[in-house]
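Reading through the C-alpha cells given below for one structure.
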Amino acid sequence: FPELTKVITHKSEYRGKLVEAFKKEDMPRIAISVDMLDTGIDVPEVVNLVFMKPVQSPIKLQQMIGRGTRPQAACRNLALLPNFEKKGFLIIDFWENNFSRDAKEVADQSTPVLATIFNTRLKLLETYLTDQQNPECKQVIADLRGQIQQIPTDSFTIRKHMPKIEEAWTDAFWDYLIPSKIDFLKVNVAPHLRLVPGVDVAAATFISKVERLKLLKRTNKEASGTIQSIVEDAQSLRDTILSDAERKAKSVCVPEKLVEFGSNELNLIRDTLAPRMKNKARYDTFLELDLVDSIAISGYILLSKSGEKMYVAEYRRLVEERILKLVADHPTIKAIQRGEPIDDWQLLELERTLTKELGESDLEVTPENLTKVFSPSTDSFLDLVRQTLDMQYLPDYKDLVARQFEKYTIEHKFNADQIRFLRAVQSVFLQKRRLETADLYDAPALVGFGQDAVERWFTEQEALELVAFANKMAV
Numbered sequence: 043f044p045e046l047t048k049v050i051t052h053k054s055e056y057r058g059k060l061v062e063a064f065k066k067e068d069m070p071r072i073a074i075s076v077d078m079l080d081t082g083i084d085v086p087e088v089v090n091l092v093f094m095k096p097v098q099s100p101i102k103l104q105q106m107i108g109r110g111t112r113p114q115a116a117c118r119n120l121a122l123l124p125n126f127e128k129k130g131f132l133i134i135d136f137w138e139n140n141f142s143r144d145a146k147e148v149a150d151q152s153t154p155v156l157a158t159i160f161n162t163r164l165k166l167l168e169t170y171l172t173d174q175q176n177p178e179c180k181q182v183i184a185d186l187r188g189q190i191q192q193i194p195t196d197s198f199t200i201r202k203h204m205p206k207i208e209e210a211w212t213d214a215f216w217d218y219l220i221p222s223k224i225d226f227l228k229v230n231v232a233p234h235l236r237l238v239p240g241v242d243v244a245a246a247t248f249i250s251k252v253e254r255l256k257l258l259k260r261t262n263k264e265a266s267g268t269i270q271s272i273v274e275d276a277q278s279l280r281d282t283i284l285s286d287a288e289r290k291a292k293s294v295c296v297p298e299k300l301v302e303f304g305s306n307e308l309n310l311i312r313d314t315l316a317p318r319m320k321n322k323a324r325y326d327t328f329l330e331l332d333l334v335d336s337i338a339i340s341g342y343i344l345l346s347k348s349g350e351k352m353y354v355a356e357y358r359r360l361v362e363e364r365i366l367k368l369v370a371d372h373p374t375i376k377a378i379q380r381g382e383p384i385d386d387w388q389l390l391e392l393e394r395t396l397t398k399e400l401g402e403s404d405l406e407v408t409p410e411n412l413t414k415v416f417s418p419s420t421d422s423f424l425d426l427v428r429q430t431l432d433m434q435y436l437p438d439y440k441d442l443v444a445r446q447f448e449k450y451t452i453e454h455k456f457n458a459d460q461i462r463f464l465r466a467v468q469s470v471f472l473q474k475r476r477l478e479t480a481d482l483y484d485a486p487a488l489v490g491f492g493q494d495a496v497e498r499w500f501t502e503q504e505a506l507e508l509v510a511f512a513n514k515m516a517v
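Residue numbers (the numbering used here): 43 to 517.
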C-alpha cells in the first residue's frame, strides 16, 4: 500500500501540500521526516512516534514527544484514530533516548539488558586473558559469540557498520584475545545488541544477575545482594509449572549453595531457569487476589435488580471472592498453571464463563461496574484476571478481538477501504460485544462510510461471513 507512506523532507516537492495531506486527509497515514514534523506542527491525531536516530537535544526531544501527547478532545478527524478513539500514545525508540530527563539536562543513554550482559561477560573474560585455555574462559567466549550471532546483520543500521565490525564474527578474531580486542567489542559491537528482536526481558534480566554473580565471585567481591536477588527470582517460580529438571535447579538455588557454586553450576541454573522467568509469581500463591487500588474505595454501587445499594469496598470484596471460586478450577487457568500454551479461543471461553456467571449473579458484575470499582481501564473480566493474578502477559478481551480481526483481514487480503471499514466494525463490536447485519448499515461509527459501503466493498456472502466471524467472539 504505497499510498500509506510519504517521505517529507526540506527537499521534497510540494512539501507544504504533503504536510497538509498528512494533517487533514485519509492518506498518507505514515510520514517519514527529517526535521519537518518535529516542531511547529499540530497533528493531534498522531498516535505513534518512531525514533530512528538519537536525539541529542533534550529540548527538541520534549518538543517531538509533544507531537503525540495531544488528547482526543483536540482531534478533529476521529476516523484517523484506531477504533475512532485516542487512548494512548506509543513511542517506538530504536536508540534508547532518555525520555525521563528534563529539558535542561544533558543527553545520556541507558544500557539495554543484552548489552549489560555482554559487557559483564567482557569484564569476566578480561580475568581469563592469562589463562585462555581454561574451559570456563572458553564458555564465556561461546556465550559472547552466541550473543553476537543474535545481532540482525541484515538490518539497515547494521549493514552500514558491518565493514567496521565484521571481524567479530570470524573465528580468527577469537583465537587469541588481547585487551584491545575487549575494548573493540565493548565500544563497537555491544551497542548493536539493542537491535536484537524479540528479547525476553525477564529471562535476560535473570541471566544478567547470574553473569554478575560469576564476575563478583571471580574477582572476590561482595555478592550477597546479587545472590539474594537470584534466590528471590528462583523461589518465585511455582513448582506446578516446572519440569523435574527445573524444580531441581530451583531447589539448589539457595544462598548457601550459590556461595559455593562455580561457573559450571551457575551456568546450569542460568540456562535451566531463565526461560521460566516470564512465569514468575510476585510474592504470593498463584490464585491469591491482591489487587492494587487504583481508585478511591468510596461511594456505593446500585444493584438494579434488587434496588440494593452496596458500598464499593464491600462490593469489591464479594467480587474478588466470587472470581477466586470461578477461576480456581477453570480449564484455562489450570493450563496456565501447568505452563501449557493456550490460544485465543480458550481465553474467550474464560471471558464468556466469567461474563455469564458474574453478570447473571446477584452481584450484577458488568463492564460498567468493573470500571467503577477497580479502575477506569478495567472493562473486561480477562483484564481483571490479568490484574488480579499479576499475569501481565495475558491479553484482555480487546486484545483478543483486535488480534482476531487482524488475522481475518490478512487472510482475506482486503484492500485499504475494506480495512478501514473493518476497523470501524471492530469498534462497533467491542461496544456491543456482538454484531448484527443491521449494524453494518446503521451503526453510528459506520454511517460515515456511506449507506452503500457494504455493497460497494463486500459481496453479500462476505458480509454474512463477517458477522458470523465477529459473533464467534461474542460474550
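Where is the CB? At the ideal position from N, CA and C, for every residue including glycine. In this text, all values refer to a predicted model and were calculated from it rather than measured experimentally.
Residue range of the unbroken alpha helix (DSSP H) whose run includes residue i
| i | result |
| --- | --- |
| ALA115 | Run containing ALA115: none; DSSP gives neither H nor E here. |
| ASN306 | 305 to 315 |
| ALA291 | 286 to 293 |
| GLU492 | Looking at the sequence shown, residue 492 is not Glu but Gly. Element bounds for GLY492: n/a, residue is neither H nor E. |
| LYS263 | No alpha helix (DSSP H) contains LYS263, which DSSP labels as neither H nor E. |
| PHE471 | 458 to 474 |
| TRP211 | Careful: TRP211 lies outside any alpha helix (DSSP H) and carries neither H nor E. |
| ALA512 | 502 to 513 |
| LEU123 | Run containing LEU123: none; DSSP gives neither H nor E here. |
| PRO297 | 297 to 302 |
| VAL241 | Per DSSP, VAL241 belongs to no alpha helix (DSSP H) and is neither H nor E. |
| HIS454 | 439 to 454 |
| LEU482 | 481 to 484 |
Where residue i falls, given that 16 or more other Cβ within 10 Å makes a residue buried
| i | result |
| --- | --- |
| LYS158 | Note that residue 158 is Thr in the sequence shown, not Lys. THR158 comes out buried. |
| GLN515 | The sequence as given places Met at residue 515; Gln does not occur at that position. MET515 comes out buried. |
| ASP68 | exposed |
| VAL489 | exposed |
| ALA145 | Confidence at ALA145 is low in this model, with a pLDDT of 39, below 50, so its placement is unreliable and no value can be given for it. |
| PRO154 | buried |
| PRO221 | exposed |
| MET32 | Any question about residue 32 goes unanswered here, given that the chain covers just 43 to 517. |
| ALA512 | buried |
| PRO198 | What sits at residue 198 in the sequence shown is Phe, not Pro. Per the 10 Å Cβ criterion, exposed. |
| VAL334 | Reliability of the predicted coordinates at VAL334 is poor, the pLDDT of 42 falling under 50, and the value obtained from them is presented with this limitation in mind. Exposed: under 16 other Cβ atoms inside 10 Å. |
| VAL61 | buried |
| ARG358 | buried |
| ALA510 | exposed |
| LEU132 | exposed |
| GLU393 | buried |
| ALA115 | exposed |
| ALA466 | buried |
| GLN175 | exposed |
| THR212 | exposed |
| VAL243 | exposed |
| TYR218 | exposed |
| SER293 | exposed |
| LYS128 | buried |
| GLU302 | exposed |
| ASN125 | buried |
| GLN270 | exposed |
| CYS179 | buried |
Candidates the options: closest to residue i by CA position
| i | options | result |
| --- | --- | --- |
| PHE227 | THR195, ARG260, LEU186 | Reading off the sequence shown, one finds Leu at residue 227, where the question assumed Phe. Of THR195, ARG260, LEU186, the residue nearest in Cα terms is LEU186. |
| ASP225 | GLN191, ALA184, ASN161 | ASN161 |
| VAL252 | GLY267, PRO239, LEU123 | GLY267 |
| ARG462 | ARG476, TRP499, LEU472 | TRP499 |
| GLY304 | SER293, LEU257, LEU368 | LEU257 |
| PRO239 | GLN191, GLU209, GLU127, MET319 | GLN191 |
| LEU120 | CYS295, LEU171, LYS66, LEU167 | LYS66 |
| SER278 | LEU360, ASN125, ARG318, LYS202 | ARG318 |
| GLU274 | LYS376, ALA485, LEU300 | LEU300 |
| ASP386 | GLU399, SER285, LYS449 | LYS449 |
| LEU284 | THR314, ASP484, TYR439, VAL296 | THR314 |
| ALA291 | ILE50, ALA276, PHE491, GLN473 | ALA276 |
| TYR353 | HIS372, LEU310, LEU405 | LEU405 |
| ARG380 | VAL407, ALA355, LYS322 | LYS322 |
| GLY58 | SER75, GLU45, THR451, ILE365 | SER75 |
Beta-bridge partners of residue i, as assigned by DSSP
| i | result |
| --- | --- |
| LYS48 | ALA73 |
| ASP135 | PHE93 |
TODO: Let me know the beta strand (DSSP E) ranges lying completely inside the stretch 159 to 226, each 3 residues or longer, listed in chain order.
DONE: none
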